[in-house]
Every structure is written in C-alpha cells, then in structure tokens.
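Sequence positions in the sequence shown follow our numbering and run 3 to 159. Glycine is no exception: its CB is placed at the ideal position from the N, C-alpha and C atoms. All of these numbers come straight from a predicted model, not from anything done at the bench. Okay, so here's the structure we're looking at.
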Amino acid sequence: MWKPEHRQAAERRGLRYPSDLTDAEWALVEPMIPPAKRGGRKRTVDVREVLNGIFYVLSTGCQWNAVPTDLPPKSTIYDYLDLWDWDGTLERIHQALYLAVREQTGREASPTVAIIDAQSAKGAQKGGRRSIRRGMTRARRSRGASGTFSSTRSASC
3 MWKPEHRQAA ERRGLRYPSD LTDAEWALVE PMIPPAKRGG RKRTVDVREV
53 LNGIFYVLST GCQWNAVPTD LPPKSTIYDY LDLWDWDGTL ERIHQALYLA
103 VREQTGREAS PTVAIIDAQS AKGAQKGGRR SIRRGMTRAR RSRGASGTFS
153 STRSASC
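The following block contains the structure:
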C-alpha cells in the first residue's frame, strides 16, 4: 500500500526526465562505474548523462533515433550500454539499487521466500526440441539456394 513516505521517496519532480538519476541514486551508483581506460584520451562524456540516456530509452521504450538531443549521442549511449552489459557493470548497478530499495522499504536485503504458482511450474516443465514451434525455427534453404552447392556443381561440369 502506498503511504505518504513511499510517495515522497518515489517523487521525481525537479528532474529533467522522470527517468533521470537523483543525486542520492547517483551517489549510490557512481562508485560502480569503471574508470576510463588508462593511456588513452581522457573521458569527455558525462557518465551520469550516459546513464540518464540508458534509463530514458529503457523507461520510454523509444527507438534509438528518438533519444533527445540534450542527452549524449545515441551511439555513445549504446556503446556504453553494450560495454557495461559485457563487463557486468549493469548487473552490479541493478543489484545495488535492488538491495537499497528493499532496505529502504524496511525489508531484508535478500528475499527469504519465493512463491511459485501452478502456471510457472507448468511453463518450466516444457522444454526441449519438441516444444519449439515450427514458425520459431530458422527456415532451411534448398540445396539450389546454397552458394557452395552451385559453385561445386559448376566446377565439376
């Protein structure tokens, strides 16, 4: 149930976009951002703005071409998203924010109970090759459409 203290904690007024990081969120996340690579050019992009751009795309579901111009370029945002996904930075940020929210609401940091309903159990039982729908698999190409088949055939004639 939403209480006044919950609404105040979730308040996003005063931010440029509702998806932007607050100062408290940035203070929690900033230590997890890897430093710039040594030996190269100095980092010229504001990493907080890059995160704001990532969160903007995730929260609005917009296309990369629709990223507002007051955020870093879409290519920069995407490159950092790809890098941080690869090196685990996004996972660490998610875990830290998840734990902080649980503690803020007075819960234990990690959940102690999980509930599995009948539908989840049914979905988990299915699997393997037989449950894959025919329309979901990759179409097979005919031997005639294969470039190697036609080149082999013409070479042997």
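Pairwise C-alpha distance: Gln106 and Glu32: Whole-angstrom Cα-Cα distance: 19 Å.
Could you check what DSSP says for Leu1 in three-state terms: helix, strand or coil? This structure does not reach residue 1, given that the chain is present from 3 up to 159, and the question cannot be answered.
Going by the beta-carbon positions, is the gap between Tyr100 and Tyr58 smaller than 8 Å? No, Cβ-Cβ distance for Tyr100 and Tyr58 is not below 8 Å.
Coarse secondary structure for Tyr80, derived from DSSP in three states: Collapsing the DSSP output to three states places Tyr80 in a helix.
Buried or exposed for Asp25, please, with buried defined as at least 16 other CB atoms from any protein chain shown within 10 angstroms of its CB. It counts as exposed.
Go ahead and pull the three-state DSSP assignment for Pro6. Pro6: helix per DSSP, three-state reduction.
Alpha-carbon to alpha-carbon, Thr91 and Pro36: Going from the Cα of Pro36 to the Cα of Thr91 covers about 8 Å.
Measuring CB atoms only, is the stretch 71-85 touching the stretch 37-44, in the sense that at least three cross pairs come out at less than 8 Å? Not touching, per the Cβ criterion.
What's the C-alpha gap between Lys5 and Lys44? Put simply, the backbone Cα of Lys5 is about 46 Å away from that of Lys44.
Please return the same chain residues whose Cβ sits closer than 6 Å to the Cβ of Ser61, not counting the five positions on each side in sequence. Once the five neighbours on either side are set aside, the close Cβ partners of Ser61 are Ser21.
Presumed contact (8 Å Cβ cut-off) between Ile79 and Ile95, rounded CB distance: Contact flag wrong, Cβ pair sits at about 15 Å.
Roughly how many whole angstroms lie between the Cα atoms of Gly42 and Lys76? Using only the alpha carbons, I get a separation of about 22 Å.
Would you verify that the beta carbon of Gly55 is, or is not, closer than 8 Å to some beta carbon of chain C? Included in the structure is just one protein chain, with no chain C present.
Pick from Arg15, Trp66, Leu30 and Asn54: whose alpha carbon is nearest that of Val199? Because residue 199 is not part of the residues shown, which for the chain are 3 to 159, the question remains open.
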